[in-house]
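Asks:
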Amino acid sequence: MPDVHVRKRLTVVEEIFHEGGPPPYLSLRRAAALAVIQNPYAGHYVEEIAAFMEDLKPLGLEMAKSLVAALGGDATIIEGYGKGAIVGAKGELEHGALWHVPGGYAMREILGGAKAIVASTKKVGSPGARLDVPITHINASYVRSHFDSMEVGLADAPRANEILLALVMTTGPRIHARIGGLKSWEIKGEDGLR
Amino acid sequence: MIAKIRKIATFVEETHTEMGHPISPPTRRAAAVAVIENPHAGKYVEDLSDLMTIGEELGALLTEKAVAALGIPGPSAESYGKAAAVGEDGELEHAAAILHPKLGTPVRKVLGKGAALIPSSKKRGGLGVPLDIPLGHKDAAFVRSHFDGMEVRLNDAPRANEIMVAVAVTDSGRPLPRVGGLKKEEIKGEDGLR
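Those protein sequences? They're chains A and L, same order as listed.
Residues in the first sequence are numbered from 228 upward in steps of one, following this note's numbering.
Residues in the second sequence are numbered from 41 upward in steps of one, following this note's numbering.
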């Protein structure tokens, strides 16, 4: 099984106080953890790649922990999450899909069994490519106030033989959420949807 | 605080490998960015002293945030830089008013020292404009290993009536410095240059 070689990491924390409306009592915080790793399959087609998902689990856990730490250290305040990947030019989109299991597993593990599917996106791109990582509520995908996203990227990554992996967590709804739908206090929490 | 802050973001970048060489400990840079309302957007105003005061406030706030993001005491910082991007209804001089007259003193207070000029850049731009913050050693501008830069950007800033203000701090120079020049071990620290 290939090793995971990390070239670079980035942690971003955004604190949003208002967006033109009345500043709510609690500001919204979003954090992203990025890791740039070597793509062990760059440059050629490899049929059996699934084993790499297992190798990525420790990195996923580290990134998820670093996000909770960046947001103050208390996992119980995390309300939204998402994940994504940008595969460098010598890789294929399927390599980005390797992140689904380890990225999702890591955040659920750290957040004590979050129920909703982790929203995700992926693409092939060059250094400087930006990724809009989708965000949804951690326990009920239909909570409308928590549909959000965070743009991430790095000027020098991913190189052609690299993959940029991203995890994102948030502490609450959009800053002036007011378009109705399922509320976070109405979550039943049975199926991860409502 | 007279600055009307919409949003604050912090970025921490760690380089673990460069061209296959492990970097241990990793080199680290942090930037803190505030997005504020530009009180003078859309009109020519002669007296910019309120922006100078805002610069003083943000110098302290952003430097504290950047140092906290690195998890180091202020005096352990090695290099620094500052930059601003003015939204389309503002004037380049607004960035200058924030950056140059008063922002440096509180930066140096947080970092304990800082004999060298704080390298800076400024521009006008739209949402998502990248800000390349120049970096130089805080006690001796000629330390060649610490000439560097850090790119930061926010997809939703600066709006036309906003200014994005950034302070960057590092605990290290470039990952693999080998172009000679003054070394940090040779700093005399008298004139801010050598």
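We treat Cβ as the ideally placed atom computed from N, Cα and C, and that holds for glycine.
Which two residues bound the contiguous beta strand (DSSP E) that contains A:V351?
Replies: Start and end: A346 to V351.
Asks: Please work out which residues of its chain come closer than 8 angstroms, Cβ to Cβ, to A:P177, disregarding the five sequence neighbours upstream and downstream, and give them in chain order.
Replies: Only positions 228 to 421 of chain A appear in the structure, and residue 177 of chain A is not among them; the question remains open.
Asks: Going by DSSP in three states, A:F279 sits in which element: helix, strand or coil?
Replies: Note: A:F279 maps to helix in three-state DSSP.
Asks: Taking the beta strand (DSSP E) that A:S376 falls in, what are its first and last residues?
Replies: Element bounds for A:S376: D375 to V379.
Asks: Can you list the residues of chain L that A:K235 reaches, using a CB-CB cut of under 9 angstroms?
Replies: Within chain L, the residues near A:K235 are E53, E54, T55, H56, T57, E58 and P66.
Asks: Closer than 7 angstroms by C-beta to A:D383: which residues in its own chain qualify, once you throw out the five before and the five after it? Chain order, please.
Replies: Cβ within range, chain order: P354.
Asks: Should A:T238 go down as buried or exposed, given a rule of 16 or more other Cβ atoms within 10 Å for buried?
Replies: Label assigned to A:T238: buried.
Asks: In whole angstroms, give me the CA-to-CA distance for A:L255 and L:L175.
Replies: Each residue's Cα considered, the two are about 30 angstroms apart.
Asks: Going straight from the alpha carbon of L:A100 to that of A:H322, what length do you get?
Replies: Each residue's alpha carbon lies about 43 angstroms from the other.
Asks: Less than 8 angstroms between C-beta atoms, sequence neighbours within five positions excluded: which residues of the same chain meet that for L:A155?
Replies: Taken in chain order, the residues that qualify are K178, D179, A180, G229, E230, D231 and G232.
Asks: If you drop the 5 nearest sequence neighbours on each side, which residues of the same chain put their C-beta closer than 7 angstroms to that of L:R193?
Replies: Counting only Cβ-Cβ distances below 7 angstroms, and skipping sequence neighbours, we find G168, V169, P170 and L171.
Asks: Name the DSSP beta bridge partners of L:P62, please?
Replies: Per DSSP, L:T57.
Asks: Return the CA-CA distance between L:I45 and A:E281, expressed in angstroms with no decimal places.
Replies: About 43 angstroms.
Asks: Can you say whether L:V219 is buried or exposed, counting buried as having 16 or more other CB atoms within 10 angstroms of its CB?
Replies: L:V219 should be labelled exposed.
Asks: With hydrogens ignored, establish whether the beta-carbon of A:R335 is closer than 8 angstroms to any heavy atom of the ligand NAD.
Replies: With respect to the ligand NAD, the structure offers nothing, as it holds no ligand at all.
Asks: Buried or exposed for L:T145, going by 16 or more other Cβ atoms inside 10 Å?
Replies: Answer is exposed; the Cβ neighbour count stays below 16.
Asks: Quick check: the Cα distance between A:I344 and A:G331, rounded to an integer number of angstroms?
Replies: Their Cα atoms are separated by approximately 8 angstroms.
Asks: Find the residues of chain L that neighbour A:V240, judging by a C-beta separation of less than 7 angstroms, and give them in chain order.
Replies: Residues of chain L passing the Cβ test: A49 and T50.
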